[in-house]
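A quick write-up on the structure given underneath.
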Amino acid sequence: MALDYEPKIVGFLCNWCSYAGADLAGTSRTTYPANVRIIRVPCSGRVDPLFVVKAFQLGADGVLISGCHVGDCHYNEGNFHTRRRFVLLRPFLDYLGTEKERFRLEWVSASEGKKFSQLVSEFTETLKRIGPRKT
Amino acid sequence: MKKSRYAYYPGCTLKTSAKEYDISARLVCKALGIELEELKDWTCCGAASAHSIDQLLGIALPALELQAAAKLELPLVAACALCFSRLKFAAHELKEEKVRNLIGEVMGKEISQDHHYEVVHLLQLLDENTDKMKIEKPLHGLKVACYYGCLLVRPKEVTNFDDVENPQTMDRIIQVLGAENVGWDFKTECCGGSHMLVRPDIVVKLSHRLLAQAQQAGADCLAVACPVCHSNLDSMQKTIAAKYKDNIHLPVFYFTQLAGLALGLPPKQLLLDKHFIDPLPLLMNKGLM
Amino acid sequence: MARIGVFVCHCGTNIAGTVDVTKVVEVIKKLPMVVLATDSKYTCSEPGQASIREAIIENNLNRVVIASCSPRMHEATFRRTVASTGLNPYLLEIANIREQCSWVHSDDKEVATAKAIEIIKMAVSKVIRHEPLFPTQVEITKRALIIGGGITGIQAALDIANAGYEVVVVEREPSIGGRMSQLDKTFPTLDCSACILTPKMVDLGQHPKIKLMTYAEVKKVKGFVGNFEAEILQKARKVDHLKCTGCGTCWQKCPQKILSQFDLGLGKRTAIYIPFAQAVPPKPVIDVSICRYIKYLNWVATGQEGKKPPECRICEKLCPTGAITWDQEEELITEKFGAVVVATGYQTYDHSHYQEYGGGAYPDVISGLQLERLMSASGPTGGEVIRPSDGAHPKTVAFVCCVGSRDQQKGRPYCSKVCCMYTAKHAIMLREHDPEIQCYIFYIDVRTGGKDFEEFYLRAIDEAGVIYIKGRPSKIYRDGKKLKILGEDALIGRPVEIAADLVVLATGMEPSIGADELARILNASYDTYNFMVEAHPKLRPVETQTDGVFVAGACVGPRDIPECVAHGGAAAAKVSALFSQDTLTTDPLIAVVNQARCIGCLLCVAICPFKAISYEVTRDKRLIAVVNESLCKGCGLCMASCRPKAVDLRGFTNQQILDEVNSLWL
Amino acid sequence: MSVASVITPQPVSELRSAVEAYSRQKISHCYQCGKCTAGCPVAYAMDLTPRRVMRAIQLGLKDELLASRAPWICFFCITCSARCPREIDIASVMESLRLLAISEKTKSSVEDIKLFHRLFLSFVRLWGRAYELGLGAAYNLLGRHPLNKAEIIPGMLSRGKLAFLPHRSKRANEIRKIFKRIEVMRNEKIIQPKSEVKAQ
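Protein chains in written order, with my numbering: chain A, 9 to 143; chain B, 153 to 441; chain C, 409 to 1074; chain D, 13 to 212.
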């Protein structure tokens, strides 16, 4: 694979936990690969599987959905629905010929800036290892 | 689901020190039209030694009898509370595959999992059949302290018998017999159990507590459902009274003997003369004989 | 046609130090519909904002993108800036190129710059579809509903009323006062409970701003913060409280007696009664379940079967004001409220579940609350502590702590918090009643976390000579006139046996019966023991997840009097703050239903955590979902579940999010 | 245990895990309220009360426990388990300590109780049923308790409550096989005490 291959990750982050966590990564000046593009949504439960599929169709190398830890949802139960919904999505991605590793659902709280940067670095690494998507 | 036929496991003591329990149980069941089929060549359940020093033996011995009953496709009724407890424990353990395999190996034969072993105690059997009881000689005026002991009620999740602290099964029967069941607080406190031989001092202390409490509660006799309890409370009673220098004198009946009396069976047959504390005077002055 | 202005912030060197701002501006300029792209040193500074204002007006921009710090930082600020030019504040989008770009990619300018450009592209593609949004204003009904008239509810009611707002207090018993009115004295100060409580009860009863509804229950609550509507059931008192003067003739003369719940079965009350002497209101109700005349009326109604009850009517004959009204029936009253405070408190654990302690069958094994009644001067024995069984004066009293607390087996694993202290209190007070009384207290741990608590506990040992025995008893049994307690002294490691004249079980706290049902009525959450659940255990202790519904006191968890008073006050402060506004501004970033598309599957109704979606039937007889704008919090759960994509979220529409994704490959 | 000795708590101990495996109980659940001891009818005769036994397991005091009289004084009335507020089956814990003591062959101050159990079983092994008179005699003889319970023997005999000769079940040989197999399985280490029946 090309050494200069830079995967493109679309990240849907919930406004209350993960987006704030990503901000914290910034305020605490931790650096992580610039491969993720963050889209702010009120709740991880807002993310329609359609968005994910669309992103992959357009050529995203990875998609990340991140919300509050289960139980901490700002809207009480939003992330429960997220979890259920994307368990169902995975097999469908298989069917579309997208490797499981390219899709991740993670819980990052507003205080876990470090966790977020590690998450991105690690996800980027994985995607680099798998290499570009064969289309 | 009332049944009229049961596999019967008397247990060792009912053939020796608790003859009267065995005999009276059979007579009463006969009178109620309940058929007891004694397990052929039954062997000891191991209580209370097997499970104390050898876990496998503690399950294997009763398991033998469970299987025998299962072969007859009959629910198994036990008379002795210790046997009842061991059979219940074994049935409980055998629900687990791991256990079934081990015990299977010990017994040298496969133990199929589809048996659910139904084990009941004589008390439950009679309680279920009180409606069939034709009371010829109601035991009016007899004040009975029903003593259940430990192993019928505990542990609830295994024996699933009745309330652990304040059971009612025997009390119900006693009331049907026309006697008065006195309320007391030691229905399920221990009598000293199998320590009769190794620590008689303990048996004396605990049984005394029971007898004293029963007497205080106004009972003029006790009813029991276990040969060990009986021998502790009956055969040791003189020793106890002597040691504590109080005039405890409480005949101890097997509940089956009282049932027999009320059903009008001849006292002689019920072997009331086998007791250390002679119950006849009591029955006489209550006008029950 | 969108006319977009993009303003890139340097944030000093915070952004410009890493991101090549000039290059960014060059690229963004070329984007379609972008009529202006420029940069400034500090966009958030007054000059920075001024230049944005001018630019908007000069180029009559109708969309604005500001590339700067996180929207969580300055979105509100910049909305105001935009609004000040007359442009709708919701036509703004923030591109976060500081926290999520310059600060995390300081190691690679080129990459950072490239990323910044993409982030801004996303914002631009999103802002195009922004629409003018208008927050709606809802009126607030400045009227508070307090459920529960115990010390917590009383405190909350008085505080809100004194802030100048109307209050309705609903209490299901015939009098307010709650548990505290049953207590004799309070720890650790030993001041008389009634002496500090009754003045507050009277204040409440007479407060011009407070409407008191006793003998009533809340049956239904609908609506939302600022606009609740509650159905309250006023039970039939059979007494006209407008006429009644509370003279007391009726309950002194009523011939029908029954054990008094207020005295926990230790005393009697009549069929027409006030629960206790200092009751508020000081006016009686008729207990229709035992009243002789009511029985007679029922007898007549049911075809005169069985024995004829006496046609008593003594109360009616004696009442000087003719206040007895036999035909008074229960009625359902509907009232409007802006906020609700739940203060339903607790009840004590029923120790009859402890068969090993006699299962409630021994008259001389009583609960701590029963002892309070025995010690109370206004109690059934006039403050004389005697054995319920034979009226003898107990000399040896044993206390058992943690009855219905710290007991998994009994389904009550939590610590009830107050028992250690009230038991110490009881021991001290018993000594004061009779110096010859010797108290033994069986405990597992003595917990004295509170002001002057530890000192109080030591006082019980030093002054009242209490013997504390570490160990939970296993059995209590009758032995002659005595009660024997079997325990262990865990400190010496030996079994102990105590022969007592009276045993007091320190029963724990559990939520009042019906707490769970009330929570459901209010759409508030409750835990496995039916305690109410706070919005946040530390930071939002008196709020619930439902706006406008507050919780206070022991209905949330075991609490002592000072805590209940504090929480009552806290809830009152929250309510007053709410009422200090005339209207509520609702965030317009919420769900909207496209009625043409909705197929009425109502999945959204089921999924909405805030019960904000209901349904209605259109003229053409179709079921369609309808969003209640005041309840919707804009989480977006409904859209993700909506198959026909009929429901959408303002400010985060499906199309906008897809456009953001798209822009990454343009 | 020797009162004077200083103990070193062992948060993790083989003993503890063995007991937990045998009894399927979580020892850490015990919060030392003492209700077990309070209700135990024989606690007064124990060197370690049930609560202290639980504590000793928590601290991993193996030697004290295996030498202790308590597990042998316990006759499995199960009152402790029935009333434990933390729902621990203490009776099973006691039982596992007996089994451990046996498998570890440790001597305790109550060898005669073990003797009783062994004798009881050896008669069962022999005849397939218990043999009260023989048991009594043998126990008093070997345990050196001459005339123990002698007062009731005559009464028992006169009432025909003691059989002179043991009753032999026709299935005694089946029993004997079972005893044998267990021995074999133990010797061939097919079953380790610690991984025995109750072990999960």
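Yeah, the Cβ is synthetic: ideal placement off N, Cα and C, and Gly gets one too.
Remember, predicted model here, so these are calculated numbers, not experimental data.
Using a CB distance below 7 Å, the part of the stretch 757-771 of chain C facing chain B consists of Q763, E764, G767, ordered along the chain. One thing to note: C:G873 has its Cβ within 9 Å of the Cβ of C:C847. Between the stretch 949-964 of chain C and the stretch 916-932 of chain C there are three or more inter-stretch CB-CB distances shorter than 8 Å, so the stretches are counted as touching. Under the 8 Å Cβ criterion, the stretch 754-762 of chain C does not count as touching the stretch 893-910 of chain C, having fewer than three qualifying pairs. At a cut-off of 9 Å between C-beta atoms, C:D887 counts as an interface residue with respect to chain B.
Burial is judged here by how many other beta carbons sit within 10 angstroms of a residue's own beta carbon; D:L78 has at least 16 and is buried. According to the DSSP assignment, C:A985 belongs to the alpha helix (DSSP H) that extends over 969-987. With respect to chain D, the C-beta atom of C:S784 has no partner C-beta closer than 9 Å. Distance from the CA of B:C302 to the CA of C:K715, rounded to the nearest whole angstrom, comes to 49 Å. K1041, G1042, C1043, G1044, L1045, M1047, A1048, S1049: these are the residues of the stretch 1039-1050 of chain C whose beta carbon lies less than 8 Å from some beta carbon of chain A, given in chain order. A straight-line Cα-Cα distance of about 57 Å links D:V54 and C:K643. In this structure, C:V808 places its C-beta atom within 9 Å of the C-beta atom of C:F850.
No Cβ-Cβ contact shorter than 9 Å links C:A1048 with C:A1033. Looking from the CA of B:P431, the closest CA among B:S387, B:C381, B:C373 belongs to B:C373. Straight through space, the alpha carbons of C:R886 and C:G858 are spaced by roughly 37 Å. With distances taken between CA atoms, B:A215 lies nearest to B:E245 out of B:E245, B:E249, B:S204. Counting C-beta atoms within 10 angstroms of its own C-beta, C:K703 has 16 or more neighbours from the protein chains shown and is therefore classed as buried. Under the DSSP assignment, C:Q614 falls in the alpha helix (DSSP H) whose first and last residues are 601-614. By the CB criterion at 9 Å, B:L358 and B:C342 fall inside the cutoff.
Taking a Cβ-Cβ threshold of 9 Å, the residues of chain A close to C:D515 are T39, in chain order. The C-alpha of C:P1017 is placed about 48 Å away from the C-alpha of D:I90. Counting other Cβ atoms within 10 Å of its Cβ, B:M259 reaches 16 or more and is therefore classed as buried. For the stretch 902-919 of chain C, the beta-carbon criterion of a distance under 9 Å to any beta-carbon of chain D is satisfied by R902, P903, V904. Residue state for C:N635 is assigned as strand, using DSSP reduced to three classes. Within the model, the alpha-carbon separation for D:F176 versus B:M348 is close to 19 Å. DSSP places C:G656 outside both helix and strand once states are collapsed to three, so it counts as coil. Here C:I412 carries a strand assignment [DSSP, helix/strand/coil]. Proximity of chain D to B:I429 at the Cβ level (cut-off 7 Å) is not reached, the minimal Cβ distance being about 11 Å. For the stretch 862-884 of chain C, the residues whose beta carbon sits under 8 Å from a beta carbon of chain D are, in order, K878, G879, R880, P881, S882, K883.
Judged by their CB atoms, A:P50 and C:G1044 are nearer to each other than the 9 Å cut-off. Out of C:A571, C:T560, C:N570, the CA that lies nearest to the CA of C:L605 is found in C:T560.
Contact annotation: in the stretch 326-343 of chain B, residues whose CB is within less than 9 Å of a CB in chain C are G335, W336, D337, F338, E341.
With a threshold of 16 other beta carbon atoms within 10 Å, C:P440 falls short and is exposed. Residue burial annotation: B:E225 is exposed, with fewer than 16 other C-beta atoms found within 10 angstroms of its C-beta. The beta-bridge partner set that DSSP reports for C:W511 is empty. One alpha carbon belongs to B:Y161, the other to B:D193, and they sit about 10 Å apart.
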